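Peer 1:
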Amino acid sequence: MIKSLRGLLVAAGLCTAGAVFAAPFTLFAAETTAGSNGGNTAAYGGLRQYEFSATGSAATPGSGLPASSLHDPAGLAMNGGKLYIGNRHGNTLGLGSVQSADWDGSSLSNLTTVATQTQASEQGFHGLAFAPNGDMFVTTVNDGTIRYRDSGSGYAKIRKTSSGPRRDAWISPDGNKLYETGIGNSIRITDLAANSFGSFTDFTVSGSNAMHQMAWKNGSLYVTSFNSGQVYQMSVDANFMPVSSTLVATVPGALGIAFSPDGQEMFVSRHSIGGISRLTWSGSAWSDSGFIDTGVSMGYLQSVPEPGTMATLGAGLLLTLRRRRNRNA
Numbered sequence: 012m013i014k015s016l017r018g019l020l021v022a023a024g025l026c027t028a029g030a031v032f033a034a035p036f037t038l039f040a041a042e043t044t045a046g047s048n049g050g051n052t053a054a055y056g057g058l059r060q061y062e063f064s065a066t067g068s069a070a071t072p073g074s075g076l077p078a079s080s081l082h083d084p085a086g087l088a089m090n091g092g093k094l095y096i097g098n099r100h101g102n103t104l105g106l107g108s109v110q111s112a113d114w115d116g117s118s119l120s121n122l123t124t125v126a127t128q129t130q131a132s133e134q135g136f137h138g139l140a141f142a143p144n145g146d147m148f149v150t151t152v153n154d155g156t157i158r159y160r161d162s163g164s165g166y167a168k169i170r171k172t173s174s175g176p177r178r179d180a181w182i183s184p185d186g187n188k189l190y191e192t193g194i195g196n197s198i199r200i201t202d203l204a205a206n207s208f209g210s211f212t213d214f215t216v217s218g219s220n221a222m223h224q225m226a227w228k229n230g231s232l233y234v235t236s237f238n239s240g241q242v243y244q245m246s247v248d249a250n251f252m253p254v255s256s257t258l259v260a261t262v263p264g265a266l267g268i269a270f271s272p273d274g275q276e277m278f279v280s281r282h283s284i285g286g287i288s289r290l291t292w293s294g295s296a297w298s299d300s301g302f303i304d305t306g307v308s309m310g311y312l313q314s315v316p317e318p319g320t321m322a323t324l325g326a327g328l329l330l331t332l333r334r335r336r337n338r339n340a
């Protein structure tokens, strides 16, 4: 199984296994202030945008989105050419929302509110994730994870997990598992059915405390631990159940996490103290390689390959498949 964009490019003959992945990408970063600000909207942040010409290249600021257009952003997720933003609203009781913006490869537009809380306890939306069928899962500060489905005329709530503080959601590639982080040292893994939640298992990540954003890379799930200032790598089995966890990096205030398209660079946002740490994979370990000074407390991250990269990848894979088909004919 090919598990990364680099692997796909190597298979397509567009990149060698040891080559630097020289393709542009964008990193989105939420400005998320520490603590609950309630109705103090002046303390709410915006959305940063950074452009990279290649893995390891300098970060060039883009336009992003101003704080005035958002509502205390925290979570980020890309789906179908749109960037989705989970808003905390200062963790105010009865307030939580998701906004989406169209992404054309250089800027965001058509910012729209696509989901809100349906009861007062569903306050403070944080991380969010999408299942292969398009269902959207949104975590709340104190009341579980909400499952939304696009009816064609907007997202509607269809179910919610048991109550409790949740900070991020991740859906396994096969769509059968929901991972949720919380304020402790365990991750909850819940079986997913078409319209409901099944049984769950709690997996302890030893040494962690207040885990937040998760990111998938090369067959492993990475997760940040805010209180301990660490990043952990979780190995999973063929059914996407966790089997082990390993400490792979130490970053003060670690909250958000994202990877370059080739998986060779890791970005970790620093909550409360501000900034985004850059780490490079040496082949055996992650090491510090740079720092983006944001000047403000940061939230979750989302990296996005430049559209031309995906078009080139698709063309290369199509050519590869045709060659293999011809050889086997």
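Per our numbering, the sequence shown starts with residue 12, numbered consecutively. No residue lacks a Cβ here, since even glycine has one placed at the ideal position from N, Cα and C. All values reported here derive from a predicted model rather than from experimental measurement.
When the distance is taken between beta carbons, is L76 closer than 8 Å to A139?
Peer 2: The sequence given here has Leu at residue 139, not Ala. Cβ atoms of L139 and L76: not closer than 8 Å.
Peer 1: Mark T156 as exposed unless 16 or more other C-beta atoms lie within 10 angstroms of its C-beta, in which case mark it buried.
Peer 2: By the neighbour-count rule (16 or more Cβ atoms within 10 Å), T156 is buried.
Peer 1: For the beta strand (DSSP E) that contains N98, what are its first and last residues?
Peer 2: Element bounds for N98: 93-98.
Peer 1: Might you give, ordered along the chain, the residues of its own chain that have their beta carbon closer than 6 Å to the beta carbon of S183, omitting 5 neighbours on each side?
Peer 2: So the qualifying residues of the chain are F251.
Peer 1: Taking 8 Å as the cut-off, decide whether the C-beta atoms of R178 and G195 are in contact.
Peer 2: Cβ atoms of R178 and G195: not closer than 8 Å.
Peer 1: Check whether the Cβ atoms of V149 and A126 sit closer than 8 Å, and answer yes or no.
Peer 2: In contact: V149 and A126 (Cβ atoms closer than 8 Å).
Peer 1: Touch check for the region 37-45 and the region 56-65: three-plus C-beta pairs under 8 Å?
Peer 2: Judged by Cβ distances under 8 Å, the region 37-45 makes contact with the region 56-65, as three or more pairs qualify.
Peer 1: Taking all protein chains shown into account, do 16 or more other C-beta atoms lie within 10 angstroms of the C-beta of V152, making it buried, or fewer, making it exposed?
Peer 2: Buried, by the Cβ-count rule.
Peer 1: Give me the Cα-Cα distance between R99 and G46, rounded to the nearest whole angstrom.
Peer 2: Each residue's alpha carbon lies about 11 Å from the other.
Peer 1: Do you know offhand how far S288's Cα is from E317's?
Peer 2: Cα to Cα, S288 sits roughly 22 Å from E317.
Peer 1: Return the CA-CA distance between S174 and H282, expressed in angstroms with no decimal places.
Peer 2: Between S174 and H282, the C-alpha separation is close to 25 Å.
Peer 1: Does the distance from the C-beta atom of A265 to that of F237 stay below 8 Å?
Peer 2: Yes, the Cβ-Cβ distance between A265 and F237 is below 8 Å.
Peer 1: For T212, report the span of its beta strand (DSSP E) as first-last.
Peer 2: First-last of the beta strand (DSSP E) with T212: 208-215.
Peer 1: Taking the alpha carbon of S246 as the reference point, which residue from M225, L232, V315 has its own alpha carbon closest?
Peer 2: Of M225, L232, V315, the residue nearest in Cα terms is L232.
Peer 1: So T291 is in the beta strand (DSSP E); what residue range does that whole segment cover?
Peer 2: Element bounds for T291: 287-292.
Peer 1: What does DSSP give as the partner residue(s) for F39 in the beta ladder?
Peer 2: According to DSSP, which records beta bridges pairwise, F39 is partnered with Q60, Q313.
Peer 1: Looking only at its chain, what residues have a beta carbon closer than 6 Å to the beta carbon of T129, apart from the 5 residues adjacent to it on each side?
Peer 2: Result list for T129: K168, in chain order.
Peer 1: Span of the beta strand (DSSP E) holding S118?
Peer 2: It is not in any beta strand (DSSP E) - S118 carries neither H nor E in the DSSP assignment.
Peer 1: State buried or exposed for A112, treating a residue as buried only when at least 16 other CB atoms are found within 10 Å of its CB.
Peer 2: With 16 or more other Cβ atoms within 10 Å, it is buried.
Peer 1: Under the assumption that L279 contacts A260 (Cβ atoms under 8 Å), give the Cβ distance between them as a whole number of angstroms.
Peer 2: Per the sequence shown, the amino acid found at residue 279 is Val instead of Leu. Sure, about 7 Å apart at Cβ, within 8 Å.
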